[in-house]
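Below is one structure, written out as structure tokens; comments come after it.
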Amino acid sequence: MITVCFSGFCGEEMDHENYTVVTEFVLLGLSQNHEIQMIVFFFFLLFYMIILPGNILIILTIWGDSQLGSPMYFFLANLAFLDICYCSVTPPKMLADFFSHHKTISYSACMAQLFFLHFLGAAEAFLLLVMAYDRYIAICKPLHYNRFVNRGVCHVLVGATWGGGFIHGIILFALSIHLPLCGPNILDNFFCDVHQLVKLACTNTYIVEILMFLNNGVVIIMCFTLLLISYAVLLLKLQTQSFRANNKVASTCVPHIIVVLVMYGPAIYIYGLPFQAVPKEKIVAVFHTVIFPLTNPMIYTFHNKEIKGSMWKLVSKYILWIRK
Numbered sequence: 004m005i006t007v008c009f010s011g012f013c014g015e016e017m018d019h020e021n022y023t024v025v026t027e028f029v030l031l032g033l034s035q036n037h038e039i040q041m042i043v044f045f046f047f048l049l050f051y052m053i054i055l056p057g058n059i060l061i062i063l064t065i066w067g068d069s070q071l072g073s074p075m076y077f078f079l080a081n082l083a084f085l086d087i088c089y090c091s092v093t094p095p096k097m098l099a100d101f102f103s104h105h106k107t108i109s110y111s112a113c114m115a116q117l118f119f120l121h122f123l124g125a126a127e128a129f130l131l132l133v134m135a136y137d138r139y140i141a142i143c144k145p146l147h148y149n150r151f152v153n154r155g156v157c158h159v160l161v162g163a164t165w166g167g168g169f170i171h172g173i174i175l176f177a178l179s180i181h182l183p184l185c186g187p188n189i190l191d192n193f194f195c196d197v198h199q200l201v202k203l204a205c206t207n208t209y210i211v212e213i214l215m216f217l218n219n220g221v222v223i224i225m226c227f228t229l230l231l232i233s234y235a236v237l238l239l240k241l242q243t244q245s246f247r248a249n250n251k252v253a254s255t256c257v258p259h260i261i262v263v264l265v266m267y268g269p270a271i272y273i274y275g276l277p278f279q280a281v282p283k284e285k286i287v288a289v290f291h292t293v294i295f296p297l298t299n300p301m302i303y304t305f306h307n308k309e310i311k312g313s314m315w316k317l318v319s320k321y322i323l324w325i326r327k
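Start counting the sequence shown at 4; every next residue gets the next number (the numbering used here).
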């Protein structure tokens, strides 16, 4: 076994095989301009300092207020927690790389990043389906709501979203870890992802690309289609209800629809276009992995008077405690 280096790539040649073992990847990041990097770093840091505590506040508010014990708020707290976890996968590494001239990530860290990115992303996609189911039962079958969406059912549904996300992530991880990578080991992005690794493969990978698309792109498009159908049914339901009930349903559904669009739009753009180069992938990836996930719970909060009132009470108590 000997060590070889070429085109910025270092690895170990396994006996007489024609490919090398990648030990690290070079990340080109968002930009090579130092001034642009500092501006982007300041923007993302400010964004994190405002939005990340906001998501934590949503979780503490829902868990600490007994009046927010309905399944809708239980799912919202889980969504906020998932988004916090999801935004802890790629942004910390990206922020640290702004101060590094040679941005690298080890092979093991790259695979871990890839797994958790798709594990948590899929879990959130499935959770949005669960939240759509909750709204459907609440609006279309209100008399049966307590039977179809009780505490036990809620825990099973949330557990299923985490389990489904784990299966989705582990399949992509297994497909990616067996890719024969030749180099150069340069990734034109700020994080590791499956479609970038496929481009570095030594051999023809059409079968792997098809499997990845079936596990990734098809799942995203299927979930998005189901969500569109469910909310279309709910919006049609508005025509048969009174003006007061109409406003209540609209105020409940509109935030859900906004979150679905801002989450699935970039995801379909990145993962729903198989075998094609995505020219604006970096920009879309920033919104998909950093900005939109953290803002999703906030969108729900802005349209909900009950949770906003409870949040203000919690903040007021905390300020009073500090003063004392």
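From the three backbone atoms N, C-alpha and C, an ideal C-beta is built for every residue, glycine too.
None of these values were measured; they are calculated from a predicted model.
request  = Grab me the residues of Ile-302's own chain with a C-beta within less than 6 Å of its C-beta, minus the 5 sequence neighbours each way, in chain order.
outcome  = Within the same chain, Ile-302 has close Cβ partners Pro-258, Ile-261, Val-262.
key: Integer-rounded CB distance, given that Thr-93 should sit under 8 Å from Leu-120   = Rounded, the Cβ-Cβ distance is 7 Å, consistent with contact.
query = Is it buried or exposed for Arg-138, if we count other Cβ within 10 angstroms and need 16 for buried?
reply = With 16 or more other Cβ atoms within 10 Å, it is buried.
key: Beta-carbon proximity of Gln-116 to Cys-226, cut-off 8 Å   = Not closer than 8 Å, so no.
ask   = What's the gap between the Cα of Tyr-274 and the Cα of Ile-224?
value = Distance between the alpha carbons of Tyr-274 and Ile-224: 9 Å.
key: Per-residue burial, Gly-191 [other beta carbons within 10 Å of its own, 16 or more giving buried]   = Per the sequence presented here, residue 191 reads as Asp, with Gly not at that position. Exposure of Asp-191 is indicated by the presence of fewer than 16 other C-beta atoms within 10 angstroms of its C-beta.
ask   = What does DSSP give as the partner residues of Glu-27 in its beta bridges?
value = Ser-109.
message = What does the alpha-carbon distance come out to for the pair Phe-102 and Val-152?
response = For Phe-102 and Val-152, the distance between alpha carbons rounds to 49 Å.
inquiry  = Assess contact between the region 50 to 64 and the region 122 to 129, defined as three or more Cβ pairs (one per stretch) separated by less than 8 Å. Is contact present?
reply    = As far as the Cβ criterion goes, the region 50 to 64 does not touch the region 122 to 129, which means the pair count is below three.
inquiry  = Taking DSSP's pairing of strands, which residues face Ala-204 in a bridge?
reply    = Leu-184, per the DSSP bridge assignment.
task = Mind reading off the beta-carbon distance from Leu-63 to Leu-98? Whole number of angstroms is fine, and I expect it under 8 Å.
result = 25 Å between Cβ atoms; not a contact.
inquiry  = Considering only DSSP beta bridges, list what Leu-190 is partnered with.
reply    = Partner(s): Leu-30.
query = The alpha helix (DSSP H) spanning Thr-298 covers which residue range?
reply = Unbroken alpha helix (DSSP H) run through Thr-298: 295 to 305.
query = Between Thr-107 and Phe-28, is the Cβ-Cβ spacing less than 8 Å?
reply = Taking 8 Å as the cut-off, the beta carbon of Thr-107 is found closer than this to the beta carbon of Phe-28.
inquiry  = Helix, strand or coil, according to DSSP, for Asn-149 in the structure here?
reply    = The three-state reading of DSSP puts Asn-149 in helix, counting H, G and I together.
request  = Would you mind reading off the limits of the alpha helix (DSSP H) that contains Phe-45?
outcome  = 37 to 67 is the span of the alpha helix (DSSP H), which, as asked, contains Phe-45.
inquiry  = When you compare the region 81 to 89 with the region 318 to 325, are there three or more beta-carbon pairs, one atom per stretch, that lie closer than 8 Å?
reply    = The region 81 to 89, when compared against the region 318 to 325, does not touch it at the 8 Å Cβ threshold.
ask   = Rounded to whole angstroms, how far is the Cβ of Met-134 from the Cβ of Phe-45, which I believe are closer than 8 Å?
value = Met-134 to Phe-45, Cβ: 34 Å. No contact.
ask   = Which residue's Cα is closest to the Cα of Phe-286: Val-161, Leu-30, Ser-34?
value = Reading off the sequence, residue 286 comes out as Ile, not Phe. The candidate whose alpha carbon is nearest that of Ile-286 is Ser-34.
query = How close, in whole Å, do the beta carbons of Leu-182 and Val-201 come, if the pair is a contact with beta carbons under 8 Å?
reply = Contact between Leu-182 and Val-201 is confirmed by a C-beta separation of about 7 Å, below the 8 Å threshold.
query = So what's Asn-219 in DSSP terms, helix, strand or just coil?
reply = Asn-219: coil per DSSP, three-state reduction.
task = Taking the CB atoms as reference points, tell me whether Val-25 and Asn-81 lie closer together than 8 Å.
result = Contact: no.
task = Go to Leu-71, then tell me how far its alpha helix (DSSP H) extends in each direction, as first and last residue.
result = No alpha helix (DSSP H) contains Leu-71, which DSSP labels as neither H nor E.
Between the CA atoms of Phe-176 and His-105 - distance to the nearest angstrom = The straight-line gap separating the alpha-carbon atoms of His-105 and Phe-176 is approximately 26 Å.
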